[in-house]
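Here the sequence shown is numbered in our numbering, starting from 42 and rising by one per residue.
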Amino acid sequence: MDTPGELEMEQTFDEFIDYCYNRVLGRIPDPEGKEYYIKLLNKGVSKHEILISFLNSDEYAERVKYLMSPTIKFAPPGHFYSPLPNVEDISMLYQKIDKSQNPIGIDINGDKQIELLKQFQKYVSIIPFGDGFKKNNTRYFFNGNEWYSYGDAIILFCMINYFKPKQLVEVGSGYSSLVTLDTCELLNLKTKITFIEPFPDLLLSLLSDRDDPEKLLLRKEVQTVNLSLFEDLNSGDILFVDSSHVVKFASDVLFILTEVLPRLKPGVIIHFHDVFWPFEYPLEWLEQGFAWNEAYFLKALLTNNKNYEILYFNDYMGQVHHYLVKQYMPLALKNFGCGIWLKKLESESAFV
């Protein structure tokens with residue numbers, strides 16, 4: 042390992058943060074986290090202090106615990122009992138995915154997606170966000186942030202314009218939160234906005250001085266939130282989910298899928314982020330160690346299920362109806378986004 046002196050002399054801020062994530066946390070940095078640490082370095086926080094913060098982080102403690110855990114000893118990554126794929130097989134298996142066919146049993150609702158895209162055109166002309174810079178006193182601007190960029194922000198802006206929700210609950214907050222705040226402010230909506238975020242450092246660094254975190258933010262895991270918050274959502278209200286993307290014992294996504302969604306009233310609009318067509322993650326993500334499984338569970342949820350309707354699927358529209366996106370929402374061609382928007386329908390189940 043390089044000495045502290047070598048780190049200080051040779052590495053740029055960007056390289057140093059990459060180093061900390063790779064060597065301490067064992068992963069590539071997420072763009073939002075990397076941006077947060079680079080901001081600290083630019084403010085004068087030393088590299089030594091940043092490194093210590095990584096070593097003192099809950100994530101590092103969890104990594105050490107994980108490496109020592111019986112789970113790894115029982116089924117190492119790639120083992121048929123492990124949920125983690127065999128990295129060596131990913132490229133070969135990925136080539137077998139047929140992206141030309143709709144998944145069996147899922148009504149992709151293509152015609153209605155196209156109709157909604159056309160209706161959204163009238164909102165595109167009033168988008169207040171600058172491209173590469175802030176304007177109109179907004180919190181958000183298009184800045185090439187791959188994690189919440191052009192297509193995602195445009196569709197969220199249009200959805201709020203279209204449904205004008207009285208309540209919006211967001212599970213997992215960051216740049217999308219800024220789009221929500223700016224849009225509701227632009228439209229003079231009195232939407233009750235709730236951000237559920239147990240690690241709100243990024244969000245707090247992005248909010249403007251006209252925002253009150255105490256009114257907006259629940260600093261807790263969604264699993265600990267009173268379920269009445271979700272039960273009180275009505276038709277046209279929005280549940281926006283961008284959380285851990287992982288289904289496992291006691292996880293947030295498992296809680297949302299099994300405890301929250303069944304309680305939602307008909308007409309509630311539901312969003313999940315980082316879902317790509319056809320419900321598969323990008324090859325490079327898999328090769329980099331992203332073992333998310335939320336998209337697979339959503340695919341299973343939607344299969345032969347008439348309780349949910351697909352309203353808009355960013356990556357599907359960008360890939361399959363590229364020419365229409367170009368015609369009605371050309372700015373989204375810079376980045377289609379990866380959100381999927383659903384609508385809860387009347388339950389057809391015989392069980393209550």
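The C-beta atom is built at its ideal place from N, Cα and C for all residues, glycine as well.
Predicted model only: the values in this text are computed from it and were never measured.
{"Query": "Spatial neighbours of Ile-297 within its chain, please: CB distance less than 8 Å, with the 5 preceding and 5 following residues excluded, ordered by chain position.", "Result": "Val-212, Val-263, Val-282 and Ser-284"}
{"Query": "Near Glu-47, what residues of its chain come up, given a Cβ to Cβ distance below 7 Å and the 5 sequence neighbours on each side ignored?", "Result": "Caution is warranted here: a pLDDT of 46 is assigned to Glu-47, below 50, making its placement in the model unreliable, and the coordinate value is therefore given only provisionally. Nothing meets the Cβ criterion."}
{"Query": "Enumerate in chain order the residues of its own chain whose CB-to-CB distance from Asp-99 is below 8 Å, with the five nearest sequence positions on each side excluded.", "Result": "none"}
{"Query": "Express the C-alpha separation of Thr-179 and Tyr-101 in angstroms, rounding to a whole number.", "Result": "35 Å"}
{"Query": "Please name the residue, chosen from Leu-228, Lys-231, Asn-202 and Glu-238, that lies closest to Ser-218 on a Cα-to-Cα basis.", "Result": "Glu-238"}
{"Query": "Hey, how far is the Cα of Gly-85 from the Cα of Ile-58?", "Result": "15 Å"}
{"Query": "Please list the terminal residues of the continuous alpha helix (DSSP H) segment that includes Ile-155.", "Result": "151 to 165"}
{"Query": "Determine the direct distance from the alpha carbon of Leu-244 to that of Lys-88, and round the result to whole angstroms.", "Result": "23 Å"}
{"Query": "Output yes or no for whether 8 Å exceeds the beta carbon distance between Ile-381 and Phe-354.", "Result": "yes"}
{"Query": "Please state the DSSP three-state secondary structure of Phe-95.", "Result": "helix"}
{"Query": "Pick helix, strand or coil for Asp-172, following the three-state DSSP scheme.", "Result": "strand"}
{"Query": "If you count every other CB in all the chains shown that lies within 10 Å of the CB of Ile-138, and 16 or more means buried, which is it?", "Result": "exposed"}
{"Query": "Pairs of beta-carbons, one from the segment 149 to 161 and one from the segment 349 to 369, closer than 8 Å: are there three or more?", "Result": "yes"}
{"Query": "Any idea which residues DSSP pairs Ile-381 with across the strands?", "Result": "Phe-313 and Phe-354"}
{"Query": "For Thr-235, list the residues DSSP reports as bridge partners.", "Result": "Val-210"}
{"Query": "So Cys-225 and Thr-235 are supposed to be a Cβ contact under 8 Å. How far apart are they, rounded?", "Result": "With 8 Å as the limit, Cys-225 and Thr-235 do not qualify as a contact, their Cβ atoms being about 12 Å apart."}
{"Query": "Taking the Cβ atom as the reference point for each residue, do Gln-208 and Asp-278 lie within a distance shorter than 8 Å?", "Result": "yes"}
{"Query": "Who are the Cβ neighbours of Asn-127 in its own chain at under 6 Å, not counting the five residues just before and after it?", "Result": "Gly-119"}
{"Query": "Would you grab the beta carbon distance between Phe-183 and Gly-173 for me? Rounded to a whole angstrom, and I think it's under 8 Å.", "Result": "7 Å"}
{"Query": "Measuring CB to CB, does Tyr-107 end up less than 8 Å from Ala-116?", "Result": "no"}
{"Query": "For Met-42, which residues in the same chain have their Cβ closer than 6 Å to its Cβ, ignoring the five residues on either side in sequence?", "Result": "Low confidence applies here, because Met-42 scores a pLDDT of 47, under 50, leaving its location unreliable; read the following figure in that light. There are no such residues."}
{"Query": "Please go through the same chain and pick out, in chain order, the residues whose beta-carbon is closer than 7 Å to the beta-carbon of Tyr-78, but skip the five residues on each side of it.", "Result": "Ile-58 and Ile-91"}
{"Query": "What is the DSSP secondary structure of Phe-401, reduced to helix, strand or coil?", "Result": "Because the chain is modelled from 42 through 393, residue 401 falls outside the range shown and cannot be assessed."}
{"Query": "Roughly how many whole angstroms lie between the Cα atoms of Ile-167 and Pro-241?", "Result": "30 Å"}
{"Query": "Drop a sphere of 10 angstroms on the beta-carbon of Glu-335, count the other beta-carbons inside from all chains shown, and report buried for 16 or more, exposed for fewer.", "Result": "buried"}
{"Query": "By Cβ distance below 7 Å, which residues in the same chain neighbour Tyr-62 in space, the five residues on each side in sequence not counted?", "Result": "Arg-68, Ile-69 and Pro-70"}
{"Query": "Need the endpoints of the beta strand (DSSP E) that Val-282 sits in, please.", "Result": "279 to 282"}
{"Query": "Classify Ser-388: buried if its beta carbon has 16 or more other beta carbons within 10 angstroms, exposed otherwise.", "Result": "exposed"}
{"Query": "Hey, Asp-315 and Cys-379 are a contact pair by Cβ (cut 8 Å); roughly how many whole angstroms apart?", "Result": "5 Å"}
{"Query": "Compare the beta carbon distance of Tyr-349 and Leu-386 with 8 Å and say whether it is the shorter of the two.", "Result": "yes"}
{"Query": "Quick check on Phe-290: buried or exposed, where buried means 16 or more other Cβ atoms within 10 Å of its Cβ?", "Result": "exposed"}
{"Query": "For Val-287 and Phe-320, I'd like the C-alpha separation in whole angstroms.", "Result": "14 Å"}
{"Query": "Between the alpha carbons of Leu-56 and Trp-333, how many angstroms are there, rounded?", "Result": "The sequence given here places Glu at residue 56; Leu does not occur at that position. Those two C-alpha atoms are separated by around 26 Å."}
{"Query": "Would you decide whether Thr-221 is buried or exposed? Buried here means 16 or more other CB atoms lie within 10 Å of its CB.", "Result": "buried"}
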